[in-house]
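J.: A single structure is presented below for examination.
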Amino acid sequence: MRARAILWLVLMLVLAVLLAACSASGGDKGEEIEENAGGPEALDGGFVWQRVGGIAGFCDVVTVGAGGPATAASCASEPPETLGETTLTAAQAQQVAGWVARLASFEHEQSDPATADAMTITITFTGRGDEQPTDADIAAIEGLAVEVLRAVAAR
Numbered sequence: 000m001r002a003r004a005i006l007w008l009v010l011m012l013v014l015a016v017l018l019a020a021c022s023a024s025g026g027d028k029g030e031e032i033e034e035n036a037g038g039p040e041a042l043d044g045g046f047v048w049q050r051v052g053g054i055a056g057f058c059d060v061v062t063v064g065a066g067g068p069a070t071a072a073s074c075a076s077e078p079p080e081t082l083g084e085t086t087l088t089a090a091q092a093q094q095v096a097g098w099v100a101r102l103a104s105f106e107h108e109q110s111d112p113a114t115a116d117a118m119t120i121t122i123t124f125t126g127r128g129d130e131q132p133t134d135a136d137i138a139a140i141e142g143l144a145v146e147v148l149r150a151v152a153a154r
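In numbering that gives the first Met the number 0, the protein residues as written are 0 to 154.
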């Protein structure tokens with residue numbers, strides 16, 4: 000009986016060590032997405048929009064390049080799962096090209112004040128201009144990212 004108790008204790012310790020090793024190597028999901036997406040630098044201008052958290056447990060990533068298709072991915076799985084891609088309309092492509100030409104590179108993060116179900120939206124933008132984004136620019140970039148998510152989900 001004592002040997003059985005010792006065996007269970009050893010087994011539980013081994014499992015605890017393995018769990019700790021898995022969580023320590025997990026890293027931050029946001030970092031994984033940027034690495035897997037190639038980052039906005041690989042886009043020759045454009046942006047990566049990421050939404051994490053919220054009561055619904057969002058973990059969405061949209062990558063929009065100045066000259067290519069827009070992609071949507073979910074970081075809820077490991078590795079992140081590409082949900083699909085869509086071609087920007089002519090007006091959307093022109094809008095992105097205008098932002099890239101006019102705006103300087105920037106990072107923007109917005110979090111709501113909730114703690115348990117807080118949602119964070121991050122935009123990593125790569126531009127060639129020298130202007131800083133206005134609130135209207137940020138809202139338009141977020142709007143385009145949501146349009147891309149909807150377009151991919153509709154397929």
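Here a beta-carbon is modelled for each residue, glycine too, at the ideal position from N, C-alpha and C.
Name the one or two DSSP bridge partners that A138 has.
T.: What you label residue 138 is simply residue 139 of the sequence shown in a count that begins at 1. A138 is not bridged to any residue.
J.: Verify whether the separation of the beta carbon atoms of T121 and E141 is less than 8 angstroms.
T.: For the purposes of this step, residue 121 is taken as residue 122 along the sequence shown, with counting starting at 1. For the purposes of this step, residue 141 is taken as residue 142 along the sequence shown, with counting starting at 1. No, they are not a contact pair.
J.: Look up Q131 in the DSSP assignment and say whether it is helix, strand or coil.
T.: Translated into the one-based positions of the sequence shown, residue 131 becomes position 132. DSSP places Q131 in coil when its eight states are reduced to three.
J.: What did DSSP end up calling R149 once you bin it into helix, strand or coil?
T.: Mapped onto the sequence shown, residue 149 falls at position 150. Reduced to three states, the DSSP call for R149 is helix.
J.: Assess contact between the region 122–138 and the region 69–81, defined as three or more Cβ pairs (one per stretch) separated by less than 8 angstroms. Is contact present?
T.: At 8 angstroms Cβ cutoff, the stretches do not touch.
J.: Excluding the five sequence neighbours on either side, which residues of its own chain have a C-beta within less than 6 angstroms of the C-beta of V154, listed in chain order?
T.: Working through the sequence shown from its first residue, we reach residue 154 at position 155. The sequence as given places Arg at residue 154; Val does not occur at that position. G83, listed in sequence order.
J.: Could you compute how far the alpha carbon of D129 sits from the alpha carbon of G44?
T.: Sequence index remark: in the sequence shown, residue 129 carries index 130 (1-based). Sequence index remark: in the sequence shown, residue 44 carries index 45 (1-based). D129 and G44: Cα-Cα distance of roughly 13 angstroms.
J.: According to DSSP, is G97 helix, strand or coil?
T.: Position 98 of the sequence shown holds residue 97. Looking at G97 - three-state DSSP - the assignment turns out to be helix.
J.: Go through its chain and collect everything with a Cβ distance to G126's Cβ below 8 angstroms, but skip five positions before and after it.
T.: Start at 1 with the first residue of the sequence shown, and residue 126 comes out as number 127. For G126, where only same-chain residues beyond five positions count, the Cβ hits under 8 angstroms are G44, W98, V99, A100, R101, L102, A103, S104 and F105.
J.: How is L143 classed by DSSP in three states: helix, strand or coil?
T.: Along the sequence shown, read from residue 1 onward, the residue named residue 143 stands at position 144. Helix.
J.: Measure how close the beta-carbons of V151 and A71 come, nearest whole angstrom, since I'm counting them as under 8 angstroms.
T.: On the sequence shown, residue 151 is found 152 positions in, with the first residue counted as 1. On the sequence shown, residue 71 is found 72 positions in, with the first residue counted as 1. 4 angstroms between Cβ atoms; contact.
J.: Name the one or two DSSP bridge partners that Q49 has.
T.: Along the sequence shown, one-based indexing puts residue 49 at 50. Q49 pairs with V60 and T121.
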